[in-house]
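Chains as they are written, first to last, in my numbering: chain A, 2 to 163; chain B, 1175 to 1469.
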């Protein structure tokens, strides 16, 4: 079964909401990182027209780094987000979604790749820094925000059951 | 069929892709530049210029080493020249002072000898020597002006020299003890055997009239016996060099202890000195009186 692509308005709406949550959740870095991952990997990528999703991903990266205000040279997270959003959009067009289970698996792999890519990009931009364990939160909470993203984008086309 | 050149035009999707590529490359370049964009280029330039800098550093080090070495060599050369000049000056001063030093040492020795012999000794300086000639001798700078008369004994710190042979107004001739016509009454220190010393030349002399029965050893000291009334008893004459058995007497050869060729200052004994003189430190001291009773 081929999952229909959500409307652009709906997707942009939820992306704007998620971006607002990224800004507002700045006092809670773990939550902010989860919302950020949801925006970049689940809500922003769009098959066929990657420009909008890429802009949302870049905005999410700049908002995250700007709210942290820790790096001496910002831009690493935005570049990693842009790369991941483009990759996710390309994969969505190349291998269309067939259900929630494949969606969650794909998001898990993307979350892991995004953590590594963010760390490398920030290291390249701002110099060596401690990796820590915060990157695990988006990976471990993939079922939650993945299911939520699925419901928000593809709520009409599926029941949300695995 | 007419071929028409189609107008080149990008589609909307192409423009979007171009924008995405530029966006991705711009972000990537921004990330790659890092907080200090110039540091990559400076690091690259530094890496590239490292061999040249190393070479230049080694060249500079080598030049500095050469300069310091040349400086050290120059300083060492100057130091060597200065030390050589100082050494030459010291040697010249030493050469100038050597005769006076030897004379002073000889005078000190004469003074010590004079203090040991409690007789009225007179000092004189040897001004000329005719020893290489036959029946030659020493010429001293004192004569009748000092009351000298022939046959007065002449001493040096090392031993006896001879006796006055002839005296004129201001000079005297000394007949050395090794002259063939010189004779001195001597005795051997260990065996106390007496004899007459007769010169053989070249600082050597023979002792005559020593019996074959006497035991004489090489190296034994020979002293004046005082029997000739020229020298008092006990003055050092020399040391036995050779001893050989003769038909009637021992053949004893003596090396005179006084350096007759190098003596410069002498002491002259008074005429007819006493047979025996006591050194000052051997004169009899008055005995302390015995204490009476307890203290």
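Virtual Cβ for every residue (Gly too), placed ideally from N, Cα, C.
Are the beta-carbon atoms of residue i and residue j separated by less than 8 Å?
i, j, result
"residue 134(A)", "residue 116(A)", "no"
"residue 1364(B)", "residue 1427(B)", "no"
"residue 1335(B)", "residue 1415(B)", "no"
"residue 48(A)", "residue 103(A)", "no"
"residue 1312(B)", "residue 1326(B)", "no"
"residue 1204(B)", "residue 128(A)", "no"
"residue 1287(B)", "residue 1443(B)", "no"
"residue 154(A)", "residue 46(A)", "no"
"residue 40(A)", "residue 19(A)", "yes"
"residue 9(A)", "residue 1194(B)", "no"
"residue 1283(B)", "residue 1316(B)", "no"
"residue 59(A)", "residue 79(A)", "yes"
"residue 1399(B)", "residue 1423(B)", "no"
"residue 1406(B)", "residue 1323(B)", "no"
"residue 1357(B)", "residue 1341(B)", "no"
"residue 23(A)", "residue 139(A)", "no"
"residue 93(A)", "residue 62(A)", "no"
"residue 1417(B)", "residue 1390(B)", "yes"
"residue 1208(B)", "residue 126(A)", "yes"
"residue 1296(B)", "residue 1320(B)", "yes"
Looking at the C-beta of residue i, does it have a partner C-beta in chain B at a distance below 8 Å?
i, result
"residue 37(A)", "no"
"residue 91(A)", "no"
"residue 87(A)", "yes"
"residue 59(A)", "yes"
"residue 46(A)", "no"
"residue 105(A)", "no"
"residue 1(A)", "Shown here, chain A extends from 2 to 163; a query on residue 1(A) therefore has no answer."
"residue 55(A)", "yes"
"residue 14(A)", "no"
"residue 84(A)", "yes"
"residue 32(A)", "no"
"residue 154(A)", "no"
"residue 20(A)", "no"
"residue 162(A)", "Confidence at residue 162(A) is low in this model, with a pLDDT of 48, below 50, so its placement is unreliable and the value that follows should be read with caution. Answer no: the Cβ-Cβ gap between residue 162(A) and chain B never drops below 8 Å."
"residue 52(A)", "yes"
Tell me the DSSP bridge mates of residue i?
i, result
"residue 1440(B)", "1298(B)"
"residue 1429(B)", "1378(B), 1413(B)"
"residue 1289(B)", "Looking at the DSSP assignment, residue 1289(B) forms no beta bridge with any residue, so it has no partner."
"residue 1398(B)", "1360(B)"
"residue 1347(B)", "1313(B), 1340(B)"
"residue 1303(B)", "1312(B)"
"residue 1423(B)", "1385(B)"
"residue 1369(B)", "1360(B)"
"residue 1328(B)", "1336(B), 1442(B)"
"residue 58(A)", "Looking at the DSSP assignment, residue 58(A) forms no beta bridge with any residue, so it has no partner."
"residue 1418(B)", "1425(B)"
Under 8 Å, Cβ to Cβ, is there at least one residue of chain A near residue i?
i, result
"residue 1470(B)", "Since the first and last residues shown for chain B are 1175 and 1469, residue 1470(B) lies out of range."
"residue 1183(B)", "no"
By a C-beta neighbour count over all protein chains shown, 10 Å radius and 16 as the cutoff for buried, is residue i buried or exposed?
i, result
"residue 16(A)", "buried"
"residue 151(A)", "buried"
"residue 107(A)", "buried"
"residue 1459(B)", "Low per-residue confidence applies at residue 1459(B): pLDDT is 49, beneath 50, and the placement is therefore not dependable enough to give any value."
"residue 1285(B)", "exposed"
"residue 57(A)", "buried"
"residue 96(A)", "exposed"
"residue 1192(B)", "exposed"
"residue 146(A)", "buried"
"residue 1246(B)", "exposed"
"residue 1350(B)", "buried"
"residue 1419(B)", "exposed"
"residue 1449(B)", "exposed"
"residue 1397(B)", "buried"
Can you tell me whether residue i sits near the ligand NAD, meaning its C-beta is under 7 Å from at least one heavy atom of the ligand?
i, result
"residue 1210(B)", "Because no ligand of any kind appears in the structure shown, any question about the ligand NAD cannot be addressed here."
Closer than 8 Å, CB to CB, is residue i near chain E or not?
i, result
"residue 1357(B)", "Among the protein chains in the structure shown, which are A and B, there is no chain E."
Checklist entry - Of all the residues that make up the stretch 1194-1212 of chain B, which are near chain A by a beta-carbon distance shorter than 7 Å? => result 1194, 1197, 1198, 1201, 1202, 1204, 1205, 1206, 1208, 1209
Item to check | Contacting positions in the stretch 117-133 of chain A - beta carbon closer than 9 Å to chain B | outcome: 122, 123, 125, 126, 127, 128
Next on the checklist: Under 8 Å, CB to CB, which of the residues in the stretch 63-82 of chain A have a partner in chain B?
Outcome noted: 73, 74, 76, 77, 79, 80
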